[in-house]
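To keep things clear, I will list the structure first and then write my remarks on it.
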Amino acid sequence: MRVITLILGALIILSIFISGCIFEKTNENRDSNTKENLYEYFVNITTKSDVSYEIIVPIMITPLTAENNGNISIIMNTLTTHGNASLEIIETQYGKGLKVNGNGNVLIESKGNENVPFAKLSMLNDSDNDGSVADEDGDVEYWVYINSTNILEIVCIEVGGSVSHGTLSSTSFLRINEIENNGWMRIGGTHVVGAE
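In my numbering, each residue carries its 1-based index in the sequence shown increased by 1016.
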């Protein structure tokens, strides 16, 4: 009887030890994966014809607390262009922006991982005039530059989420249509953090 008790005790201790090792390894993998967030950036430009244009739209910046002149996301280094356009990241009076010189319909996109929990589009308008755009959330306004009324629509999207947990950590969106003026303008959009 004593031998059976010792064997059962040893099996229980061994089970607890193995369970602890599995739990520790699972947490180690989860912690290392939560640092990677998948981000996507898209700009879709639709025009009436192949007339040349120049626009400046927001780029993806990190971290979330960065002001309009924040850090450029590494995702911006891998832009792919479909259509006839040249791209350049420039400094504007409203923050960093993507200058697009093109003609006709153009799609610009990039995807990749970045070890930051949140990102946002640049060139946010400081709606409460407190000198900071870090607190802008929900319905927001972005600055954009357009020099052609030939453009029917511009859609600019940033989406980010945790690779390991399948959750959405941030999303920014703006859509410009019915363009009647040239120059700098504020365009309504959204910026949401922590959506699931």
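Even for Gly, the Cβ is constructed at its ideal location relative to N, Cα and C.
Please go through the same chain and pick out, in chain order, the residues whose beta-carbon is closer than 6 angstroms to the beta-carbon of Leu1137, but skip the five residues on each side of it. Hits under 6 angstroms: Pro1074, Glu1174, Ser1188.
With DSSP collapsed to three states, give me the class of Asn1198. Three-state DSSP puts Asn1198 in coil, outside helix and strand.
DSSP three-state label for Asn1193, please. In this structure, Asn1193 counts as strand in the three-state DSSP scheme.
Does the distance from the C-beta atom of Leu1168 to that of Thr1063 stay below 8 angstroms? In contact: Leu1168 and Thr1063 (Cβ atoms closer than 8 angstroms).
CA-to-CA distance, Asn1166 to Val1067, given in whole angstroms: Whole-angstrom Cα-Cα distance: 7 angstroms.
Status (buried if at least 16 other CB within 10 Å, exposed otherwise) for Asn1197: Exposed, because fewer than 16 other Cβ atoms sit within 10 Å of the Cβ of Asn1197.
Would DSSP call Thr1094 helix, strand or coil? Helix at Thr1094.
Going by beta-carbon coordinates alone, are Leu1054 and Asn1129 separated by less than 8 angstroms? It is a contact, given that the beta carbons lie within the stated cut-off.
Neighbourhood of Asn1117 by C-beta distance below 6 angstroms, restricted to the same chain and skipping five residues each side: For Asn1117, where only same-chain residues beyond five positions count, the Cβ hits under 6 angstroms are Glu1070, Ser1102.
Backbone secondary structure at Lys1136 - three-state DSSP: DSSP places Lys1136 in strand when its eight states are reduced to three.
Going by DSSP, which residues form a beta bridge with Tyr1110? According to DSSP, Tyr1110 bridges with nothing at all.
What does the alpha-carbon distance come out to for the pair Met1201 and Ile1088? For Met1201 and Ile1088, the distance between alpha carbons rounds to 22 angstroms.
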